[in-house]
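**Student:** Protein chains in written order, with my numbering: chain U, 1 to 106; chain P, 1001 to 1181.
Even for Gly, the Cβ is constructed at its ideal location relative to N, Cα and C.
Take this structure, written in C-alpha cells, and hold onto it; I'll ask about it next.
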Amino acid sequence: MKTDDKDRMIYNYMQQNKREVEDIYFSKKVMQKLPPVQRSKEWIIIPFAALGSLLALWLGTDPELPAFTLQLPADFNLYYLLGGIAALPLLVLALYCIREKRIQLL
Amino acid sequence: MSKTEDLKWVSRVTLLGDTKAFDHLTRKYQSSIRQFFLNLTMGDTQLSDDLAQDTFIKAYLNLSSFQGLAGFSTWLFRIAYNVYYDAVRSRKVTADIDETAINQLHQTENEFSGSKFDIQTALLQLRNEERTAILLFYMEDKNHKEIAKIMNCPLGTIKTYILKGKEKLGKYLKENGYEDR
Chain U
1 MKTDDKDRMI YNYMQQNKRE VEDIYFSKKV MQKLPPVQRS KEWIIIPFAA LGSLLALWLG
61 TDPELPAFTL QLPADFNLYY LLGGIAALPL LVLALYCIRE KRIQLL
Chain P
1001 MSKTEDLKWV SRVTLLGDTK AFDHLTRKYQ SSIRQFFLNL TMGDTQLSDD LAQDTFIKAY
1061 LNLSSFQGLA GFSTWLFRIA YNVYYDAVRS RKVTADIDET AINQLHQTEN EFSGSKFDIQ
1121 TALLQLRNEE RTAILLFYME DKNHKEIAKI MNCPLGTIKT YILKGKEKLG KYLKENGYED
1181 R
C-alpha cells in the first residue's frame, strides 16, 4: 500500500514510466526456441491401476457375479467380454499415439 | 490478472503438453518481464530480450515444479530475477552500473527520455537490490512478501531495500524538481 507523499510520488512516477512493450515476434521467437519436453507418462498408471483394482474387487467379492454371467445371452461367449477389457489398454495406447501424431491416419 | 485463469493455462501445458497455452502465458507476461529487464539493464533492448527469452524457456522447462502457492506472475519474476543475477555473475551484465553505463543507455522512448526524469537515470541512484525491489514494488505492484519470495530474501531485508530505495529515489526526484503529475 502506498501511503505517504513520497510513496505516492514514486508510485506515480513509476506508473508514468510504465510502458506496454510491443510483442513484435517476441513470443513467436520464444515458442520456436522451446525445447521438446518428454512429458511424464505416469498418469497412465493411476487410471489403469484403479481400473484393475475395481475389476479385481468386483470379480473377487461380488456374489452376484455368477448370476451376472448366467444372465448373459446363451450364445454370448464370456471370452468376448474379457477380450474387450483386455483390449482397452491397447485402445488407449492407440488413441495416445494418434494424439501424439506417432500414427498418421490421414 | 486472475490467478485461477493462469493456473488453468499452466495445467493445460503440464498435463496436456499444450504449447499454445504456454504461448498465451508468454504473450500475457512478455511486456512486464521485458520492461523489468529493460529497467535492470538500463535500457539495453537486445540484452533484455535475451534475458526475457531465457526466462520464458526456463519457465517452460520447470513448469511442472510450479505448485500454484504463489501466483504465476510471482513465480515467473523469481525466474527472471535468477536469470538476471546469473547473467550478472557471468558478467553478461555489469554488476554495478557505473558512469560508463550511462553513456551506453539505450533509452526507451517515453516522455522523460533523455531528461533527468528518465527512469533509467533515476534508477542509477539505487543499488542493484534496491532497484529490483523498488521496481517490483512500485511498477509491478508486488507486495513485500511476494518480493521476498522473488528475491529469496527475508522480509525485513526487503523492507530495508524498499525503504532505502524510496529515500534515495524520492530525494533524487525532489532535487530535480519532479512534481507529482
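1. In terms of residue numbering, what span does the alpha helix (DSSP H) encompassing PHE1137(P) cover?
2. Check whether the Cβ atoms of LEU1063(P) and THR1132(P) lie closer than 9 Å to each other.
3. Near SER1090(P), which residues of its chain fall below 6 Å by C-beta distance, leaving aside the five closest residues on each side in sequence?
4. Tell me which residue opens and which closes the alpha helix (DSSP H) that ALA1122(P) is part of.
5. Beta-carbon separation of MET982(P) and GLN15(U) under 9 Å?
6. Which term fits ILE24(U), buried or exposed, when burial requires 16 or more other beta carbons within 10 angstroms of its beta carbon?
7. Taking 9 Å as the CB-CB cut-off, is ILE1150(P) touching chain U?
8. Residues in the same chain with beta-carbon distance under 6 Å from PHE1077(P), minus the five sequence neighbours each way, listed in chain order, please.
9. Of all the CB atoms in chain U, is at least one closer than 9 Å to the CB of GLN1035(P)?
10. Taking 9 Å as the threshold (C-beta atoms), are LEU1136(P) and PHE1036(P) in contact?
11. How long is the line joining the alpha carbons of LEU1163(P) and ARG8(U), rounded to whole angstroms?
12. According to DSSP, is GLN16(U) part of a helix, a strand, or is it coil?
13. Counting C-beta neighbours from all protein chains within 10 Å, is the total for TRP58(U) 16 or more, i.e. buried, or is it exposed?
14. According to DSSP, is GLU1146(P) helix, strand or coil?
15. When you compare only the Cα positions, how much space is there between GLU1005(P) and SER1048(P)?
16. Can you give me the C-alpha to C-alpha distance between LYS1166(P) and PRO36(U), rounded to a whole angstrom?
17. Using 10 angstroms around the beta-carbon of GLN1046(P), count the other beta-carbons present and answer buried if the total reaches 16, otherwise exposed.
18. Using the beta-carbon of each residue, which ones in chain U are nearer than 7 Å to PHE1170(P)?
19. Determine, using beta carbons only, whether SER1031(P) comes closer than 9 Å to chain U.
20. In whole angstroms, what separates the C-alpha of LYS18(U) from that of LYS1142(P)?
21. Going along chain U, which residues have a C-beta under 7 Å from ARG1027(P)?
22. To the nearest angstrom, how far is it from the Cα of LYS6(U) to the Cα of TYR1178(P)?
23. For the alpha helix (DSSP H) holding MET31(U), just list the boundary residues, first then last.
24. Any C-beta of chain A sitting closer than 9 Å to the C-beta of LEU1038(P)?
**Tutor:** Taking the structure as given:
1. Stepping through the second sequence from its first residue, residue 1137(P) is reached at position 137. In the DSSP assignment, PHE1137(P) falls outside any alpha helix (DSSP H), carrying neither H nor E.
2. Reading the second sequence from its first residue, position 63 is the one you call residue 1063(P). Reading the second sequence from its first residue, position 132 is the one you call residue 1132(P). Between LEU1063(P) and THR1132(P), the C-beta gap is not smaller than 9 Å, which leaves the two residues out of contact.
3. Position 90 of the second sequence, counted from the first residue, corresponds to residue 1090(P). Counting only Cβ-Cβ distances below 6 Å, and skipping sequence neighbours, we find nothing.
4. Along the second sequence, read from residue 1 onward, the residue named residue 1122(P) stands at position 122. Start and end: 1119-1123.
5. The question about residue 982(P) has no answer here: the residues shown for chain P are numbered 1001 through 1181.
6. If you number the first sequence from 1, residue 24(U) lands on position 24. When all chains shown are included, ILE24(U) counts as exposed.
7. For this step, residue 1150(P) is matched to residue 150 along the second sequence. No - not a single Cβ of chain U is within 9 Å of the one on ILE1150(P).
8. Position 77 of the second sequence, counted from the start, is the residue given in the question as residue 1077(P). ILE1150.
9. Numbered from 1 along the second sequence, position 35 holds the residue referred to as residue 1035(P). Output row for GLN1035(P): interface = yes.
10. Within the second sequence, numbered from 1, the residue matching residue 1036(P) stands at position 36. Within the second sequence, numbered from 1, the residue matching residue 1136(P) stands at position 136. In this structure, LEU1136(P) lies closer than 9 Å to PHE1036(P) by Cβ.
11. Reading the second sequence from its first residue, position 163 is the one you call residue 1163(P). Reading the first sequence from its first residue, position 8 is the one you call residue 8(U). Roughly 14 Å separates the two Cα atoms.
12. Stepping through the first sequence from its first residue, residue 16(U) is reached at position 16. Note: GLN16(U) maps to helix in three-state DSSP.
13. Here residue 58(U) is taken as the residue at index 58 of the first sequence, counted from 1. Exposed, since its Cβ has fewer than 16 Cβ neighbours within 10 Å.
14. Position 146 of the second sequence holds residue 1146(P). Looking at GLU1146(P) - three-state DSSP - the assignment turns out to be helix.
15. Sequence index remark: in the second sequence, residue 1005(P) carries index 5 (1-based). Sequence index remark: in the second sequence, residue 1048(P) carries index 48 (1-based). Rounded to the nearest whole angstrom, the C-alpha separation of GLU1005(P) and SER1048(P) is 27 Å.
16. By 1-based counting over the second sequence, the position of residue 1166(P) is 166. By 1-based counting over the first sequence, the position of residue 36(U) is 36. Taken atom to atom, the span from the alpha-carbon of LYS1166(P) to that of PRO36(U) is near 44 Å.
17. For the purposes of this step, residue 1046(P) is taken as residue 46 along the second sequence, with counting starting at 1. Burial check for GLN1046(P): the Cβ neighbour count within 10 Å stays below 16, so the residue is exposed.
18. Stepping through the second sequence from its first residue, residue 1170(P) is reached at position 170. Residue 1170(P) is actually Gly in this sequence, not Phe. For GLY1170(P), the residues of chain U that pass the 7 Å Cβ criterion are LYS6, MET9, ILE10, in the order they occur in the chain.
19. If you number the second sequence from 1, residue 1031(P) lands on position 31. SER1031(P) counts as touching chain U.
20. Numbered from 1 along the first sequence, position 18 holds the residue referred to as residue 18(U). Numbered from 1 along the second sequence, position 142 holds the residue referred to as residue 1142(P). Whole-angstrom Cα-Cα distance: 15 Å.
21. Residue 1027(P) sits at position 27 when you count from the first residue of the second sequence. Simply ASP23, SER27.
22. Looking up residue 6(U) in the first sequence gives position 6. Looking up residue 1178(P) in the second sequence gives position 178. Looking at the two C-alpha atoms, the distance is approximately 11 Å.
23. Mapped onto the first sequence, residue 31(U) falls at position 31. MET31(U) -> alpha helix (DSSP H) spans 26-33.
24. The question asks about chain A, but that chain is absent: this structure's protein chains are U and P.
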